[in-house]
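> For reference, the structure I am asking about is given below.
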Amino acid sequence: MLAALEIIYEDDHLVVVNKPAGLLTVADRFQHESVHLQSLLRKKYGEIFTVHRLDKDTSGLVIFAKDAEVHRLLSLAFEQRDVNKIYLALADGQLEDEGAIDEPLALSDTRPGTMKVYRKGKPSLTTFKTLERYEWFNVLEVTLHTGRMHQIRVHLAFIGHPLFIDPVYGRRAEFYLSEWKGRKYRIGKKSHEERPLMSRLSLHAWKLDLIHPVTGVPMHFEAPIPKDIRALMNQGKRIDNI
């Protein structure tokens, strides 16, 4: 698995990885798994420091620091909101061309490991632009102005447009072509079992902009849109053209 990891950028101070969906960023108190992104990177780099994290089923950019001082500086940049974090999201329904969701968030007291909109919660701001429109979902460019757990997922659900695929806050855990077409599809000459077109969160940590903590140079990173998200978008185009 280590060999398959895509390193977007690396220097003497930090590493930027394109995390695949299905892999934890670090050990999690709610999901006890021995293999996670940090453990894989430790095999290559030794001690490595986590700056931020993504949900297990979110793909995209994650930054790690190679020493404690760079970790401190990067963590401070995230805390002070000096890092521009842009996600690609596929959301249910039809949204406005752009919008802002400014709703405080807090841990749910009824569902462990989840969040909720709560007026006494921590300030949380998400903005979005609609890039493409299909009958069943919209493709959004989403900017995180704060970094709360599950922020995009909860905010989109709050306005009635959850991620197109989200088993916790949304309407489905996976998506099959038959939901569009109304019939089953063959996957082989002798098989009628249909495989899901996509079976993870329709969310990708797409772009990051920051000032390098040591050199002071502005840095821009971008993770290619994953194959499964591109496939779903392509099917959206095909269905709309039928």
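Using the numbering used here, the first residue of the sequence shown is number 1438, and each one after it goes up by one. Ideal placement from N, C-alpha and C gives every residue a C-beta, glycine not left out.
Grab me the residues of ILE1445's own chain with a C-beta within less than 7 Å of its C-beta, minus the 5 sequence neighbours each way, in chain order.
Taking ILE1445 as the centre and dropping the five residues before and after it, the same chain places the C-beta of VAL1453, VAL1454, ASN1455, LEU1498, PHE1658 and ALA1660 closer than 7 Å to its C-beta, in chain order.
> Quick one: is SER1496 buried, meaning 16 or more other Cβ sit within 10 Å of its Cβ, or exposed?
buried
> Between which two residues does the alpha helix (DSSP H) holding GLU1506 run?
1505-1516
> Within the chosen definition, does the segment 1582-1589 reach the segment 1556-1573 through at least 3 CB pairs nearer than 8 Å?
yes
> Using only the alpha-carbon positions, how far apart do GLN1531 and PRO1599 sit?
11 Å
> Could you compute how far the alpha carbon of PHE1601 sits from the alpha carbon of LEU1614?
14 Å
> In terms of alpha-carbon separation, which member of LEU1669, ILE1596 and ASP1492 lies closest to GLY1584?
ASP1492
> With burial defined as no fewer than 16 other Cβ atoms inside 10 Å of the residue's Cβ, what is the status of GLU1447: buried or exposed?
exposed
> Let me check understanding here. Comparing Cα to Cα, which of ASP1449, ILE1666 and ILE1662 lies closest to THR1652?
ASP1449
> Can the beta-carbon of PHE1424 be found less than 8 Å from the beta-carbon of LEU1527?
The structure shown has nothing for residue 1424, since the chain only spans 1438 to 1679.
> Determine the contact status of LEU1638 and LEU1669, defining contact as a CB-CB distance below 8 Å.
no
> I'd like the span of the alpha helix (DSSP H) that includes ILE1589, first residue to last.
Where ILE1589 is concerned, the enclosing alpha helix (DSSP H) stretches over 1588-1595.
> Helix, strand or coil, according to DSSP, for ARG1667 in the structure here?
ARG1667 falls in the helix class under three-state DSSP.
> For the segment 1474-1493 against the segment 1509-1518, are there 3 or more C-beta pairs whose distance is under 8 Å?
yes
> Just the C-alpha distance for LYS1626 and GLU1484, rounded to the nearest angstrom, thanks.
For LYS1626, the pLDDT reaches just 48, beneath the cut-off of 50, and the residue's location in the model is therefore unreliable, although a value from the coordinates is still provided. Approximately 50 Å between the Cα atoms of the pair.
> Look up LYS1493 in the DSSP assignment and say whether it is helix, strand or coil.
In the three-state reduction of the DSSP assignment, LYS1493 falls in the coil class.
> Using alpha carbons as the reference points, say which of ILE1500, ASP1494, LYS1522 and VAL1576 lies closest to ASP1529.
Out of ILE1500, ASP1494, LYS1522 and VAL1576, VAL1576 has the C-alpha closest to the C-alpha of ASP1529.
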